[in-house]
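The structure appears below as structure tokens.
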Amino acid sequence: MHKNLVNFISILRSHDIRVSPAETIDALNAMSVLNFEKRSQIRDGLAMTLAKTKLEEKIFLKCFDRFFKSELPNINPDSLSKDTISTQDLSNLIEKINSNEIGNETLMSQTFNDLAQTSLMKNLMRNNRTELALSLRRAAEEVSLSKIKLFTQKGLYTRKILDSMGEEHIRNAIEIMEKSNDQSLNGIKIYRDMLRKEVKDFVEREYMLQAEARNKQLSDNILVDVRLNNIEHYYLHRANDLITKMASKLSKRYGKQIKRSKKGRIHMPRTLREGVPHQGILFKTHWKKKIRKKPQIFVICDVSGSVAAYTKFFLIFLYTIQDVLPKVRSFAFSSHLGEVSSFFVENSVERAIELVNWQYGGATDYGGSFEDFKNLAIADIDRRSTVLILGDARNNQGDPKLEILRTIFERSKQVIWLNPEPRRAWGTGDSEMKRYQTACHISMECGNLRQLERVVDRLLKSTQ
Numbered sequence: 002m003h004k005n006l007v008n009f010i011s012i013l014r015s016h017d018i019r020v021s022p023a024e025t026i027d028a029l030n031a032m033s034v035l036n037f038e039k040r041s042q043i044r045d046g047l048a049m050t051l052a053k054t055k056l057e058e059k060i061f062l063k064c065f066d067r068f069f070k071s072e073l074p075n076i077n078p079d080s081l082s083k084d085t086i087s088t089q090d091l092s093n094l095i096e097k098i099n100s101n102e103i104g105n106e107t108l109m110s111q112t113f114n115d116l117a118q119t120s121l122m123k124n125l126m127r128n129n130r131t132e133l134a135l136s137l138r139r140a141a142e143e144v145s146l147s148k149i150k151l152f153t154q155k156g157l158y159t160r161k162i163l164d165s166m167g168e169e170h171i172r173n174a175i176e177i178m179e180k181s182n183d184q185s186l187n188g189i190k191i192y193r194d195m196l197r198k199e200v201k202d203f204v205e206r207e208y209m210l211q212a213e214a215r216n217k218q219l220s221d222n223i224l225v226d227v228r229l230n231n232i233e234h235y236y237l238h239r240a241n242d243l244i245t246k247m248a249s250k251l252s253k254r255y256g257k258q259i260k261r262s263k264k265g266r267i268h269m270p271r272t273l274r275e276g277v278p279h280q281g282i283l284f285k286t287h288w289k290k291k292i293r294k295k296p297q298i299f300v301i302c303d304v305s306g307s308v309a310a311y312t313k314f315f316l317i318f319l320y321t322i323q324d325v326l327p328k329v330r331s332f333a334f335s336s337h338l339g340e341v342s343s344f345f346v347e348n349s350v351e352r353a354i355e356l357v358n359w360q361y362g363g364a365t366d367y368g369g370s371f372e373d374f375k376n377l378a379i380a381d382i383d384r385r386s387t388v389l390i391l392g393d394a395r396n397n398q399g400d401p402k403l404e405i406l407r408t409i410f411e412r413s414k415q416v417i418w419l420n421p422e423p424r425r426a427w428g429t430g431d432s433e434m435k436r437y438q439t440a441c442h443i444s445m446e447c448g449n450l451r452q453l454e455r456v457v458d459r460l461l462k463s464t465q
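For the sequence shown, the numbering used here begins at 2 and goes up steadily by one.
Here you go:
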């Protein structure tokens with residue numbers, strides 16, 4: 002049971018339920034005092050130790066019902082389609098078995114007698130559902146069915162499990178009986194087909210349980226490396242879910258910090274340790290205080306057609322972690338620049354991005370846009386400010402106004418330029434990226450979600 006529980010916890014982890022080693026030990030301890038015969042008691046006990054939120058509880062219950070499914074194999078001729086093999090032969094075979102005629106070699110061949118002595122065939126003929134279920138579970142464990150990932154592997158694992166259960170004896174017997182036109186042949190084929198159906202259904206259920214979340218993870222791992230402008234509309238909701246997950250991870254990492262203070266909540270572990278040399282008397286108290294860093298971020302985004310897709314995902318990411326970075330001022334530009342911070346206050350992120358693209362989309366003019374930024378906000382930049390610029394630096398042969406970016410560079414804590422184009426394309430054609438690099442503290446390629454997460458992670462780390 003302990004091994005089953007560990008496998009079940011791995012299923013929960015694949016479904017994005019966080020289970021620590023300590024919680025695994027708690028679950029094992031809970032199992033040791035629960036009644037195995039009461040399924041509801043096992044379910045509720047494990048839920049209390051493994052599910053921490055309402056959403057996790059919902060996922061837990063779904064996984065529990067599917068993992069600890071109580072359905073047993075049923076070797077019943079009615080489970081086969083009528084056009085597979087006539088069940089009359091099976092009825093005659095069972096009648097002979099029940100009449101103890103199986104030992105009479107004039108009625109039953111030696112091949113069938115030998116086959117009937119195997120444990121698998123005995124369980125099939127008696128429809129011993131418990132033994133068949135145990136044999137099926139053992140075979141699944143031997144072939145590592147829990148590692149199934151792709152739907153194309155279902156046939157492979159079905160064959161491996163059948164071999165592990167001993168179905169090879171049935172196949173060999175059928176081959177011999179076909180050559181001798183044995184009268185028991187059709188009945189044996191029916192048992193074989195029913196066994197295969199049960200194993201196939203079992204593998205299908207395990208695939209749905211084991212591979213569903215892993216396939217999603219595999220798809221996500223591929224999606225994070227796809228260039229953002231190549232993500233098809235069908236996958237946009239998956240990309241948004243990925244952004245939310247990444248942002249949540251970063252928010253937890255950087256959102257709250259505990260630092261020493263002379264006031265706040267008492268830091269009990271440190272206070273108790275200090276009291277150990279004094280026989281437990283708390284002569285010296287230590288305090289902790291939760292503080293939230295609030296760096297000032299200026300975000301300047303090119304929303305022209307060539308980089309609009311990148312800007313959309315970047316802004317979604319940035320505003321998803323606004324609890325960590327609450328002081329964000331956003332500016333958008335193509336031919337001219339304007340502040341769009343209020344768009345995100347008054348609308349959802351997706352709707353705000355639509356309004357931004359509608360109002361500021363068009364041909365690109367970096368020089369004119371930097372001039373607009375100078376008039377709007379350059380006086381507000383100080384040594385605590387971080388300026389994020391997202392764009393491909395393609396200025397349509399216009400004046401790049403590099404001196405304005407140098408002024409921003411001198412006034413701010415750091416200037417970070419994120420370019421969605423590959424580095425080998427920087428400085429080619431009408432790209433001014435090589436020149437703009439000289440007025441940036443950091444310039445990075447940022448063309449997919451993985452790179453975007455690294456950029457934001459680095460940004461949050463630098464503002465601590």
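Here a beta-carbon is modelled for each residue, glycine too, at the ideal position from N, C-alpha and C.
| Asked | Found |
| --- | --- |
| Closest Cα partner of SER185 within the set VAL200, ARG160, MET126 and LEU133 | MET126 |
| Opening and closing residue of the alpha helix (DSSP H) in which ILE18 lies | Here ILE18 belongs to no alpha helix (DSSP H), and DSSP marks it neither H nor E. |
| Those residues which DSSP pairs with VAL34 across a bridge | Its beta-bridge partners do not exist; DSSP assigns none. |
| Assumed close pair PHE68, LEU210 - CB separation to whole angstroms, cut-off 8 Å | 6 Å |
| Burial state of THR131, where buried means 16 or more other Cβ atoms lie within 10 Å | exposed |
| Buried or exposed by the 16-neighbour rule on C-beta atoms within 10 Å, applied to GLY156 | exposed |
| Whole-angstrom distance between LEU146 and VAL204, CA atom to CA atom | 8 Å |
| Given 8 Å, three or more beta-carbon pairs between the region 383–402 and the region 366–373 | yes |
| Meets three-Cβ-pair contact criterion under 8 Å: the region 301–320 and the region 439–456 | yes |
| Cβ-based neighbour list, LEU35, same chain, cut-off 7 Å, excluding 5 preceding and 5 following | GLN42, ILE43 and GLY46 |
| Same chain, Cβ closer than 6 Å to LEU135, neighbours up to 5 away in sequence not counted | none |
| Bounding residues of the alpha helix (DSSP H) (the contiguous stretch that carries TRP359) | 350–361 |
| Selected residue, minimal CA-CA separation from HIS268, among LEU283, HIS279 and SER349 | LEU283 |
| The region 15–22 / the region 53–63 touching (three or more Cβ pairs under 8 Å) | yes |
| The region 353–364 contacting the region 299–306, beta-carbon criterion three pairs below 8 Å | yes |
| Where SER82 sits in the DSSP three-state scheme | Note that SER82 scores a pLDDT of 44, beneath 50, so its modelled location is shaky and nothing firm can be said. |
| Three-way DSSP call (helix, strand, coil) for LYS462 in this model | helix |
| Pair within 8 Å by beta-carbon distance, LEU406 and TYR437 | yes |
| Inter-residue spacing [alpha-carbon to alpha-carbon] between VAL7 and ARG138 | 15 Å |
| Bridge partner(s) assigned by DSSP for THR387 | ILE298 and GLN415 |
| Nearest-angstrom Cα separation, counted from GLU142 out to ASN5 | 10 Å |
| Beta-carbon gap between THR112 and ALA28 smaller than 8 Å | no |
| Backbone CA spacing between TRP427 and MET434 [nearest angstrom] | 6 Å |
| Test item: CB-CB of ARG266 and LYS289 under 8 Å | yes |
| Rounded separation between HIS3 and LYS201 - CA only | 26 Å |
| Proximity of GLU422 and LYS402 at Cβ, strictly below 8 Å | no |
| Beta-carbon contacts of TYR158 that lie in its chain and below 7 Å, excluding the five residues immediately before and after | VAL144, LEU146, ILE149 and VAL204 |
| Separation of LYS328 from VAL388, as counted between CA atoms | 12 Å |
| Classification of VAL456 by the beta-carbon crowding that lies within 10 angstroms, buried from 16 upward | buried |
| C-alpha gap between GLU347 and ARG160, whole angstroms | 59 Å |
| ASN105 classed as buried or exposed, judged by whether at least 16 other C-beta atoms fall within 10 angstroms | Its pLDDT being 43, under 50, ASN105 is placed unreliably in this model, and the value from its coordinates should be taken loosely. Exposed, by the Cβ-count rule. |
| Three-state secondary structure assigned by DSSP to LEU151 | coil |
| Which of helix, strand or coil DSSP assigns to SER444 | strand |
| Rounded C-alpha distance that separates ASN466 from GLU176 | Residue coverage of the chain in this structure runs from 2 to 465, which leaves residue 466 outside it and unanswerable. |
| Through-space distance from GLY281 to LEU13, alpha-carbon basis | 43 Å |
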